[in-house]
Structures are given as structure tokens and as C-alpha cells.
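Protein chains: 2
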Amino acid sequence: MKVRDVAEAAGCSIGSVYNEFGDFDGLILTVNRETVQALTARLKAVPADDPLRQLHGLADAYLGFATEHANLLRSLFEHRMEDDRPFPEDILAMVMDAFALMHAPLVRLLPGRDPDDVALLSRMMFSAVHGIISLGLEERMVAVPPEMLRERLAEFVDTHLAGLGVTRSA
Amino acid sequence: MKVRDVAEAAGCSIGSVYNEFGDFDGLILTVNRETVQALTARLKAVPADDPLRQLHGLADAYLGFATEHANLLRSLFEHRMEDDRPFPEDILAMVMDAFALMHAPLVRLLPGRDPDDVALLSRMMFSAVHGIISLGLEERMVAVPPEMLRERLAEFVDTHLAGLGVTRSA
DNA sequence: CCTAAAAATGAACATTGTTCAAGAAGAATC
DNA sequence: GATTCTTCTTGAACAATGTTCATTTTTAGG
């Protein structure tokens, strides 16, 4: 993404882009905000009736979004602020909202556990799924091939839940 | 990293940097090669006597390397080639060598399984661990806090192995 | 209409990757 | 040692891109 391209696409001058977004970071962050919102909308569309089915649905929805918008997700997770400025709070809050959707079903599946423990478990599961998907879609390095990603991701979720003591029959 | 800084640090001209590395990509890739080699050396230092202890050791070594050289690992995994040129084969091969160290103990722990299956499982586990560590060290977004990363990572490995049917007593 | 505030503009600047003609250094031959 | 040829090194100049800001244009108020 280039400032000049944005200006041309918007039919305005370079200066106007700066008036609107402040600087290049502001431009990127605006895109990232829309990315989080689009992702959240997609995750919210997953049925929440059965927690196990919901977890699989969320993983699948995340995979779908990552497949269709690989660049946007990379921008969201890999962008570094200029001059070590802090990451905007509002984006963090939006990501947390999206994450809460993944946290909820795990809480239901592990009713006996310490809530703080479940919070860390869900963070870990999200990071793991994110890693599998993002490396898998890179098609380089050590990665699960994209065409197998869907079923293997489901398998991963099942395996990990089994390790946590969740029985599939429930 | 800037070409001019490299030239100054090396005590030569800008042109000499280009004679040596070709272009900016060549410079980055040279750094990435050293990164893979350093990582491999570190992983090879993990004792291979007991496969379960080895897996934990490898995860821990990976975390240690990522903690000490966050920028190098990011460069290795996030760098995109200019002009969509293909990723160098030799680096891929070196990464595969490093990865084989993680694959081997899992093969020993799952002797009954189809080798292709174990290959995919180990890729998935590596991607998962990579995701947990890289997001965790970012300290932003949904991530496992760095100070808890070590023990939680071990817990993750145990949980996933349990899900795969590996008993800790062995 | 006139004036003041607000917004838009794009030329000019700073940084950084890249090129390449010119010069320096070295090797080979006599 | 001198000459020539080859190779290496240099850094000025160029290209691409983020950034600034004095100027111009537009809008709003009276």
C-alpha cells in the first residue's frame, strides 16, 4: 500500500490523505480496524448452540477469513508501529471482543476448571490455531499444506480438546 | 536494517554491499541463513535420549531462541521476497533440517501411526508452538503473557500429546 | 458581497534502495 | 619497472515513497 496510490484511488491529493489519516501508520491502522470488524462479523455468524460445534465453526471461519484476506490478516498481526509508539487501545479492545467469541465455548466445555486457567488455555488455543493457519497459508517453511488445512485443523482442535479431557460424545 | 548502515558498519561503500549481496533481499536472506543455522545449532544441543523430554526441550529451546532473537525470527518467517520471486531453496532445506529434529521424537512417541500422518501432526505441532511463542512475545493482541510462556508451553505440549494418546508414564 | 475559518492541494523535502560511469587496485606480460 | 588488461571499489546520481507546509480553493457567517 502506497500513499500515492490511495490518493489516486480516492480521487484526491496526497495531502488530503494525510489530513484524513495523519500518517502512514494511521492509514494502516484504519485498514486494520476494518479487518477486525469484518473478522468479528464473520465469527459472530457461527452458531453458538453447541460449544464443540461452535469451536470447530470458529476455527473454520477463521481459516476462511485468513484464506480470503491473507494480506489483511498479516497487516493486522505483523504491522509494527513507527518509532515504537504504543499499539492503539481501541484495536486491542476490538480484537478482545472477537476473541471472547472463542473463549466462551471453551468455558462451557470446561466448567470445572479455574476461570483464569481457561482464559490462558483459550489464548493458547487461539495462538496455536493462528500459527497453524498463518504458516499453512504461507506455503513455505514447515507448514500444513493449504489443501489439507481444513480437516487437519478440525483434527487439531479435537485432539487438543481430548487432551483437555473433553469427550466428543457430549 | 538499512543498506547505508550496513556499509558504514562494515567500513566500506554502499556499492560494495551491493557487490557482496546483490540487493536488499540478498542481504536479508544472508541474515536469515545465519538465523536458521544458529537456531539449528541450539536445537541440536537438546538431548535426544527420551523423546518426550526431547520434545519439551525443543519447545523450550525454540522459546529461548525466540526470546533472545525476536527480530531475527520475525525476519525469517515474515520476510516477503521482492517482486514475488521464489523463496530460496537452500533456506527451505535448512529449515527442514531443523524441523527434522522436532519430527524425530514424535515418530518415536507414535510408533503405530501412519508416517504421513505423523509428518502432518509434527508440522501442525510446530506451527502451533510457533504461533503460541510468536504471538506471546508480541505482548499485544490475544497472547499468552511472556512470563507464563515457559510453563504454559510445556503444558500445551503435554495436553496435545495426551490428546494423541501418549501417556506420560512411558 | 466580504471576510474569516476550514479544507484541499501539490511542489518540495527526507529517507532509502538501486545503478553505473569513473577511478583505484591488482595481475599479467614484456 | 612500465604497460596493459582485468577486477574491485567507490559514491554521486537516480527512483520510489513517506512527509511537510505555504498557497490556493472552498465553505460558512454576517
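Going down the list, the protein sequences come from chains H and Y. Heads up: the first sequence at position 90 corresponds to 90 in the numbering used here, and the numbers run straight through without jumps. One rule links them: number in the numbering used here = place in the second sequence (from 1) + 1000. All residues carry an ideal CB built from backbone N, CA and C; glycine is no exception. Keep in mind that this is a model prediction, so the values were computed, not measured.
In the three-state scheme derived from DSSP, where H, G and I count as helix and E and B as strand, residue 1065 of chain Y is classed as helix. Under the three-state reduction of DSSP output, residue 1045 of chain Y falls in the coil class, being neither helix nor strand.
Around the beta carbon of residue 1054 of chain Y, 16 or more other beta carbons lie within 10 angstroms, which makes this residue buried. When the five nearest sequence neighbours on each side are left out, the beta carbons in the same chain lying within less than 8 Å of the beta carbon of residue 33 of chain H are those of 90, 91, 94, in order along the chain.
Within the same chain, 132, 136, 152 come within 7 Å of residue 144 of chain H by CB-CB distance, once the 5 residues on both sides are set aside. In the DSSP annotation of this structure, the continuous segment of the alpha helix (DSSP H) that includes residue 1015 of chain Y starts and ends at 1014–1021. In the DSSP assignment, residue 1159 of chain Y falls within the alpha helix (DSSP H) that extends over 1146–1163.
In the three-state DSSP reduction, residue 110 of chain H falls in the coil class, being neither helix nor strand. Between residue 1109 of chain Y and residue 1161 of chain Y, the C-beta gap is smaller than 8 Å, which places the two residues in contact.
Scanning its chain for C-beta atoms nearer than 7 Å, with the 5 sequence neighbours on each side dropped, one finds around residue 97 of chain H the residues 40, in chain order. Taking C-alpha positions only, residue 47 of chain H is separated from residue 57 of chain H by approximately 8 Å. Residue 167 of chain H and residue 124 of chain H have their alpha carbons spaced roughly 20 Å apart. In terms of beta-carbon proximity, residue 1148 of chain Y lines the interface with chain H, with at least one pair separated by less than 8 Å.
Among the residues facing chain H, residue 1013 of chain Y is not included, as its CB has no counterpart in that chain under 8 Å away. Taking 8 Å as the threshold, the shortest C-beta distance from residue 1124 of chain Y to chain H falls below it. Membership of residue 1008 of chain Y in the alpha helix (DSSP H) is indicated by the continuous run 1003–1010. Nearest to residue 1129 of chain Y by C-alpha distance, out of Y:1030, Y:1043, Y:1146, Y:1059, is Y:1059. Per DSSP, the unbroken alpha helix (DSSP H) holding residue 125 of chain H starts and ends at 115–138.
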